[in-house]
Amino acid sequence: MIPNFYIYNTLSRTKELFKPIHPGMVGMYVCGPTVYGDAHLGHARPGVTYDVLFRLLKHIGYKVRYVRNITDVGHLENDADEGEDKIAKKARLESLEPMEVVQTYTLRYHEAMKKLNVLPPSIEPHASGHIIEQIALVQKILDAGFAYISNGSVYFDVQKYNEKHHYGVLSGRNLEDTKEGTRNLDGQDDKHSPMDFALWKKASPEHIMHWPSPWSEGFPGWHLECSAMGEKYLGEEFDIHGGGMDLMFPHHECELAQNVASRGTGGVHYWMHNNMITINGQKMGKSLGNFITLDELFSGSHPLLEQAYSPMTVRFFILQAHYRSTLDFSNEALQAAEKGLRRMMQAAKDVKGIPVTAGAPAAPQVKAVKEQVYDALLDDLNTPNALSALFEAVKMVNSAKDGSVKLNEEDASVLKSLFADIVGGVLGLVEEQSDSASAKVIEGLMDMVIDFRRTAKAEKNWAVSDKIRDELKAIGIQIKDTKDGGCEWTLAD
Ligand code: ZN
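Position 104 of the sequence shown, counting from 1, maps to 334 under this note's numbering, and the rest follow consecutively.
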């Protein structure tokens, strides 16, 4: 039996009992990064949030297909319909082929996510690999009468759509709000109305990423890819669509309108949005000088940082806030998170060898803590409440360790599974070994092995000393006797 999971749906603005379309299975789609620069704090929060959702749904028994896309075409500067493609611009500035930019930053994004212990999604489609699907989708919207061709480009007709459906249903706007919020820019003569958005753009001569289409040599509009790839991999209707709050309008609003226009359904049953990260109370932005990449955070190499913060500290810090609340980064808050994480990880280590007293009476708090942890996570991913309940479990582990509390076998195993399945499994908090720490361990082990070999040689036990040398060689370690009777080791290439 899969337990009840409650999820806040941006579309209905209420917390709902989660009911998947197909029993036992969940399809989820999350808007991934536009890969034209290093992964930064703004990527860490959705990365970790939807990773915990993915892990939790699997943990409670669902089979999950998690699609997270890579945007590598069509995302123009300022999220607008005019201006340079973000990736093409980077390629021009660095004299690279656009796909070199995409490859470089996709790999770096993957590295950063791996450090944060974010699991890879089930499918990671690229927008540029789905041009055919996007062209077919534009044609469908044209056929349905909700788009028009203008000078080789195709635009979505917002006004016409709004006569039949509600444009703004997701972000809670009406057409008047949308009109007021849209600037009437020069050079947008191709559009009938400044509210309309591009489905297909005719490429200007200097635009380097373009494909043939029935309308022009051009490229798809940014919002189109998620409609096309969501349908392709999850079906006309699927369960969960996630992303940052900044994507709700216009990106997700347009995606929803495209879905309705092309297939008569919004397609998504639960829309989920994570709130934003601020830095010392300010919005993060390149012009504000508070734009921190994840590499800078992990190495401490940004003027705003007092020290380096490990990936697990950052992950723990993100989990300390509910995903729908804003999260403010400051050195004090991160240092507090670092301490909290250390306590949690120490208990995760100690619980493995926790003393068990046969016949000890059951400790009712153990069962209560387990319930609190699950209740919190199943209540719209309330990770801060889950963590505070888990700190009660930390206290119990410490009391059992110092002997002030005696635990029976069953309670001990409940505590063990809380740390293994929830702390490590669902929250993804694991012991991290810095490079220097693992180097220290290897150094110590090699000293020990070389010492064994020295003893063997002193005892003229050539069989053992040769065996040590040969077996080290087999795993890529070369040892060499030095003239002074010592021994050196190197890693073979
Ligand atoms: Zn998207």
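We put the CB at the ideal spot given by N, CA and C, even for glycine.
How would you label valine 671, buried or exposed, when you count the other beta carbons within 10 angstroms and need 16 or more for buried? Here the question's residue 671 lines up with position 441 in the sequence shown. By the neighbour-count rule (16 or more Cβ atoms within 10 Å), valine 671 is not buried but exposed.
Inter-residue spacing [alpha-carbon to alpha-carbon] between glutamate 354 and valine 624: Mapped onto the sequence shown, residue 354 falls at position 124. Mapped onto the sequence shown, residue 624 falls at position 394. Going from the Cα of glutamate 354 to the Cα of valine 624 covers about 37 Å.
List the DSSP bridge partners of tryptophan 445. Counting from 1 along the sequence shown, the entry for residue 445 is found at position 215. According to DSSP, which records beta bridges pairwise, tryptophan 445 is partnered with nothing at all.
Select from Ala551, Ile362, His422 and Thr334 the residue whose C-alpha is nearest the C-alpha of alanine 377. To locate residue 377, count along the sequence shown from 1; it is residue 147. Among Ala551, Ile362, His422 and Thr334, the Cα nearest to that of alanine 377 belongs to His422.
Bridge partners of isoleucine 251, per DSSP? Working through the sequence shown from its first residue, we reach residue 251 at position 21. According to DSSP, isoleucine 251 bridges with nothing at all.
Short of 7 Å in beta carbon distance, which residues of its chain neighbour lysine 600, apart from the five on each side in sequence? Order them along the chain. One-based indexing of the sequence shown puts residue 600 at position 370. Val644 and Leu648.
Residue from Val332, Met459 and Ala491 with nearest C-alpha to lysine 394: What you label residue 394 is simply residue 164 of the sequence shown in a count that begins at 1. Ranking Val332, Met459 and Ala491 by Cα distance to lysine 394 puts Ala491 first.
Select from Ala630, Lys345 and Leu372 the residue whose C-alpha is nearest the C-alpha of arginine 493. On the sequence shown, residue 493 is found 263 positions in, with the first residue counted as 1. Arginine 493 has its Cα closest to that of Leu372, out of Ala630, Lys345 and Leu372.
To which residues of the same chain is asparagine 612 closer than 8 Å at the C-beta, ignoring the five residues directly before and after it? By one-based count along the sequence shown, residue 612 stands at place 382. The answer, listed in chain order, is His552 and Ala606.
Residue of Asp281, Thr240, Tyr296 and Asp268 minimising C-alpha distance to methionine 258: Here residue 258 refers to the residue found at position 28 of the sequence shown. The option with the nearest alpha carbon to methionine 258 is Tyr296.
What is the chain-ordered set of residues for which the beta carbon lies under 5 Å from any non-hydrogen atom of the ligand ZN? Cys261 and Cys456
Secondary structure, beta strand (DSSP E): runs of 3+ residues fully inside the segment 691-723: 707-711 and 717-721
Taking its Cβ as the centre, do 16 or more other Cβ atoms sit within 10 Å of aspartate 632, making it buried, or is it exposed? Translated into positions along the sequence shown, residue 632 becomes position 402. Under this definition aspartate 632 is an exposed residue.
Tell me which residues share the same chain as lysine 320 and place their Cβ nearer than 6 Å to its Cβ, disregarding the 5 neighbours each side in the sequence. Here residue 320 refers to the residue found at position 90 when the sequence shown is read from its first residue. The residues are Tyr266 and Val331.
Can you tell me the Cα-Cα spacing of methionine 542 and proline 233, whole angstroms? Residue 542 sits at position 312 when you count from the first residue of the sequence shown. Residue 233 sits at position 3 when you count from the first residue of the sequence shown. Going by the C-alpha atoms only, they are around 28 Å apart.
Contacting residues, own chain, Cβ-Cβ under 6 Å from proline 263 (five flanking each side not counted): Locating residue 263 in the sequence shown gives position 33, counting from the first residue. So the list reads His273 and Tyr339, once near-sequence residues are dropped.
For phenylalanine 449 versus glycine 304, is the C-beta spacing smaller than 8 Å? Here residue 449 corresponds to residue number 219 of the sequence shown, with the count starting at 1. Here residue 304 corresponds to residue number 74 of the sequence shown, with the count starting at 1. Yes, the pair counts as a contact, with Cβ atoms nearer than the cut-off.
Given valine 368 as reference, the closest of Ile705, Val294, Glu341 and Gln488 once Cα atoms are compared: Taking the first residue of the sequence shown as 1, we reach residue 368 at position 138. It is Gln488.
Could you please give the first and the last residue of the uninterrupted alpha helix (DSSP H) stretch that includes serine 352? For the purposes of this step, residue 352 is taken as residue 122 along the sequence shown, with counting starting at 1. Run containing serine 352: none; DSSP gives neither H nor E here.
Classify alanine 592: buried if its beta carbon has 16 or more other beta carbons within 10 angstroms, exposed otherwise. By 1-based counting over the sequence shown, the position of residue 592 is 362. When all chains shown are included, alanine 592 counts as exposed.
By DSSP's criteria, asparagine 504 is part of a beta bridge. Which residues make up the other side? Position 274 of the sequence shown, counted from the first residue, corresponds to residue 504. Its beta-bridge partners are Gly474.
Using beta-carbon positions only, say whether histidine 453 and methionine 475 come within less than 8 Å of one another. Reading the sequence shown from its first residue, position 223 is the one you call residue 453. Reading the sequence shown from its first residue, position 245 is the one you call residue 475. Not closer than 8 Å, so no.
Quick one: Cα of leucine 659 to Cα of leucine 571, how far? Position 429 of the sequence shown holds residue 659. Position 341 of the sequence shown holds residue 571. Answer to the nearest angstrom: the Cα atoms are 8 Å apart.
For the alpha helix (DSSP H) that arginine 275 lies in, which residues bound it at each end? Reading the sequence shown from its first residue, position 45 is the one you call residue 275. 271-289 is the extent of the alpha helix (DSSP H) around arginine 275.
Go to tyrosine 236, then tell me how far its beta strand (DSSP E) extends in each direction, as first and last residue. To locate residue 236, count along the sequence shown from 1; it is residue 6. Its beta strand (DSSP E) spans residues 236-239.
In whole angstroms, give me the CA-to-CA distance for threonine 587 and aspartate 641. Stepping through the sequence shown from its first residue, residue 587 is reached at position 357. Stepping through the sequence shown from its first residue, residue 641 is reached at position 411. Their backbone Cα atoms lie some 10 Å apart in a straight line.
Quick check on this structure: which residue in Ile470, Ile365 and Val399 has the alpha carbon closest to the alpha carbon of glutamate 447? Translated into the one-based positions of the sequence shown, residue 447 becomes position 217. It is Ile365 whose Cα lies nearest to the Cα of glutamate 447.
Can you check DSSP and say which residues form a bridge with lysine 316? As a first step, residue 316 is located in the sequence shown; it is residue number 86 there, counting from the start. In DSSP, lysine 316 forms no bridge with anything.
Proximity below 8 Å, CB of isoleucine 237 to CB of tyrosine 500: As a position in the sequence shown, residue 237 is number 7, starting the count at 1. As a position in the sequence shown, residue 500 is number 270, starting the count at 1. Yes.
Return yes when the Cβ of proline 328 is within less than 8 Å of the Cβ of glycine 473, no when it is not. For this step, residue 473 is matched to residue 243 along the sequence shown. For this step, residue 328 is matched to residue 98 along the sequence shown. No, the Cβ-Cβ distance between glycine 473 and proline 328 is not below 8 Å.
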